[in-house]
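**Student:** Read in order, the letters of the first sequence are residues 140 to 568 in this note's numbering. For glycine and all other residues, C-beta sits at the position ideal for the given N, C-alpha and C. Keep in mind the model is a prediction, meaning the values are calculated, not measured.
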Amino acid sequence: MDFSPLRGFRVLLPEEARILQRVEDTLRTVFTLYGFEEVVLPTLEPFSLFERKSGEEIEKHMYTFTDFGGRKVALRPEFTPSAARLFVQRAGELKLPVKWSYFGSVFRYDEPQKMRYREFWQAGVELIGASSVESDLEVISLVIDSMLALGFKDFRVEVNDVRIFREMLGQEGFNPDQQYRVMLVIDKRNKVSEETFERDLLAALDGRKELFDRIMFVLGLRKKSPGESLAILEEPKLRQVIERLIKLFDLGKEVGLSKWILFSPNIVRGLAYYTGMVFEVLVEGIPYSVCGGGRYDNLISLYGGPDIPCVGMSFGVDRLVEAAMEKRIIKVGERRPVFVAYIGQELKPLALKTARDLRMAGIKTDVELRERPLSKQLEYANKRGCKLAVLLGKRELERKAVKIRDLDSGEELEIPLDRLIEEIRGKLA
RNA sequence: GCCGCGGUGGCGUAGCGGUAGCGUGGGGGCCUGUGGAGCCCCUGGCCCGGGUUCGAAUCCCGGCCGCGGCCCCA
């Protein structure tokens, strides 16, 4: 009988769980500072909720089953549809813009590989009801501050607008399906050789050399500012889109964010549902993006709500953890516990009471639970990483005193029993 | 769904056709009031299923799992 976890599912030991939680707590703090309020959404949803947004094909990548009520249900593969549904149901009582955040794991039935699991953690926000450049920047700013709060220094937010290529291709008579195929090629720009890329791109463009050249030209504008780009781009239809990007970058500059924001025309996020600005966050030397987001103005109406614009993003929390470990920026510092040891079984009740007193005083405390000899108790305390041990022994108790041992230095100190808590507080400080 | 490499105690490894060893961890002892040292004992393993063979951890096939890649990535 094999009870192993399922393929692609992970078990986190205390050290790893602690790091994950630390990352989540940091994100939660920043999200809150930006005024996003956390909502808790169902893990299991009607399958149709996801089908609506992503189409039937999506079932191949989801965990679905029929419940005892005969309903077709699915483990959530993302949060956005649940948030959109919640908004639609409550739209009447919500003041716009609505700012929500969410945390939790999502499930996707893919082949596991590096940084791709079947259950992974996300943390994201949805900003519903604002179409302004300011709302785009609000999300990007939140992302940058989150990265900084986590301790990342060398990261960049690569920003684009999906309308740039869509407009170009649309003008040339490419239908959305054909456009999508071109976008897929562009998305892979950095993953394949330049020759392969150019060959595939030309093929996706039906061999239209002149269009190919224009796209290559735009792609060449990577890392240039949108301002520069506009100056050399003679695409009247694109003017509006580029002007909006320029506004975004100018605004970012005024807010002091330009150091991290980068124009990157090859970011297309491979998704059909984005309608404007899109971005990804990349950390120097890490081959996968840790965050992605953008504007999807027809999301709410897709779920039967009013025509309300929407921008959002989500962090891959696992990927942040992995990247942070790689960059060694995680401080795993933890409050070290105090250990209450006792010598002689008759002191067991006093040991338990002492442990509880310490805990009630807010001091993280372990106590001997196995009736072992003192040497073993101390050995265990050391393995647990305890900073101090309280030694309860008859000899000292006759004088109403206990010993405190510093497990790092080995130093021992006898103190009156009624001063125990203050002494320990002092030692731990 | 496809391709490559791999799977030996909890973890790390040796063995690569003939009794499965070591390190570490865990439990205990030497030590009935002072630990992380040392010595000793115990614990516990060849991913699963077929096949080849007198004999398989070892060779072959399939599956499962892991790692990496392709496809994909809401």
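Quick one: grab the DSSP three-state call for Leu531.
**Tutor:** In this structure, Leu531 counts as strand in the three-state DSSP scheme.
**Student:** Assign Ile468 to buried or exposed, taking buried as 16 or more other Cβ atoms, counted over all protein chains shown, within 10 Å of its Cβ.
**Tutor:** Per the 10 Å Cβ criterion, exposed.
**Student:** Within the same chain, show all residues whose beta-carbon is closer than 8 angstroms to that of Lys526, passing over the 5 residues directly before and after it, in chain order.
**Tutor:** The residues are Arg475, Pro476, Val477, Asp545, Leu546, Asp547, Lys566, Leu567.
**Student:** Should Glu273 go down as buried or exposed, given a rule of 16 or more other Cβ atoms within 10 Å for buried?
**Tutor:** Exposed.
**Student:** Below 8 angstroms between beta carbons: does that hold for Val278 and Val264?
**Tutor:** Yes, these two residues count as a Cβ contact at 8 angstroms.
**Student:** Can you tell me where the beta strand (DSSP E) holding Glu184 begins and where it ends?
**Tutor:** 183 to 185 is the span of the beta strand (DSSP E), which, as asked, contains Glu184.
**Student:** Secondary structure at Ala500, three-state DSSP: helix, strand or coil?
**Tutor:** Of the three classes helix, strand and coil, the one that applies to Ala500 here is coil, per DSSP.
**Student:** Using 10 angstroms around the beta-carbon of Pro236, count the other beta-carbons present and answer buried if the total reaches 16, otherwise exposed.
**Tutor:** Buried, because 16 or more other Cβ atoms sit within 10 Å of the Cβ of Pro236.
**Student:** Tell me which residues share the same chain as Arg255 and place their Cβ nearer than 7 angstroms to its Cβ, disregarding the 5 neighbours each side in the sequence.
**Tutor:** Asp249, listed in sequence order.
**Student:** Are at least three pairs of beta-carbons, each pair with one atom in the stretch 454 to 468 and one in the stretch 414 to 425, less than 8 angstroms apart?
**Tutor:** Enough Cβ pairs lie closer than 8 angstroms, so yes.
**Student:** Measure the alpha-carbon distance for Pro375 versus Gly366 and round it to whole angstroms.
**Tutor:** Computed Cα separation, rounded: 15 angstroms.
**Student:** Assuming Trp260 and Ser271 form a contact by the criterion Cβ under 8 angstroms, report the distance between their Cβ atoms to the nearest whole angstrom.
**Tutor:** That pair is no contact at about 30 angstroms.
**Student:** Give me whichever residues DSSP pairs with Met416 in a beta bridge.
**Tutor:** DSSP lists Asp300 as partners of Met416.
**Student:** Using a 10 Å radius around the Cβ and a threshold of 16 neighbouring Cβ atoms, would you call Met355 buried or exposed?
**Tutor:** Met355 comes out exposed.
**Student:** What ranges does the beta strand (DSSP E) occupy inside the stretch 188 to 257, keeping only unbroken runs of at least 3 residues that lie completely in it?
**Tutor:** You should have 203 to 205, 211 to 214, 237 to 246.
**Student:** Go to Tyr481, then tell me how far its alpha helix (DSSP H) extends in each direction, as first and last residue.
**Tutor:** Taken as a continuous stretch (DSSP letters only), Tyr481 belongs to no alpha helix (DSSP H), being part of the beta strand (DSSP E) at 477 to 481.
**Student:** Since Ala213 and Pro448 should fall inside the 8 angstroms C-beta cutoff, what is the C-beta to C-beta distance between them, to a whole number of angstroms?
**Tutor:** That belief does not hold up - the Cβ atoms of Ala213 and Pro448 are roughly 27 angstroms apart, past 8 angstroms.
**Student:** Please name the residue or residues paired with Glu562 in a DSSP beta bridge.
**Tutor:** Glu562 pairs with nothing; no bridge assigned.
**Student:** To the nearest angstrom, how far is it from the Cα of Thr219 to the Cα of Pro404?
**Tutor:** When rounded, the distance between both Cα atoms is 25 angstroms.
**Student:** State the beta-bridge partners of Val450 as determined by DSSP.
**Tutor:** Answer is Leu266, Arg434.
**Student:** Could you have a look at Ala540 and say whether DSSP puts it in helix, strand or coil?
**Tutor:** Looking at Ala540 - three-state DSSP - the assignment turns out to be strand.
**Student:** DSSP on Phe148, reduced to helix/strand/coil?
**Tutor:** Coil.
**Student:** With distance defined between alpha-carbon atoms, name the residue in Leu289, Val380, Arg320 nearest to Val572.
**Tutor:** Summary: the structure shown does not reach residue 572, with the chain confined to residues 140 through 568, and so no result is reported for it.
**Student:** Should Pro216 go down as buried or exposed, given a rule of 16 or more other Cβ atoms within 10 Å for buried?
**Tutor:** With 16 or more other Cβ atoms within 10 Å, it is buried.
**Student:** Helix or strand or just coil, what does DSSP make of Glu177?
**Tutor:** It is a strand residue.
**Student:** Check whether the Cβ atoms of Thr168 and Ala288 sit closer than 8 angstroms, and answer yes or no.
**Tutor:** Yes, Cβ-Cβ distance for Thr168 and Ala288 is below 8 angstroms.
**Student:** Does Ser240 pass the burial test, meaning 16 or more other C-beta atoms within 10 Å, or should it be called exposed?
**Tutor:** Flag for Ser240 reads buried.
**Student:** I need the DSSP call for Leu276, collapsed to helix, strand or coil.
**Tutor:** Residue state, collapsed to three classes: helix.
**Student:** Would you check if the distance between the CB atom of Val541 and the CB atom of Thr504 is smaller than 8 angstroms?
**Tutor:** The answer is no: Cβ separation not under 8 angstroms.
**Student:** Based on Cα-Cα distance, which residue from Asp457, Phe454, Val394, Thr414 lies nearest to Ile439?
**Tutor:** The candidate whose alpha carbon is nearest that of Ile439 is Thr414.
**Student:** For Phe291 and Val282, I'd like the C-alpha separation in whole angstroms.
**Tutor:** Approximately 11 angstroms between the Cα atoms of the pair.
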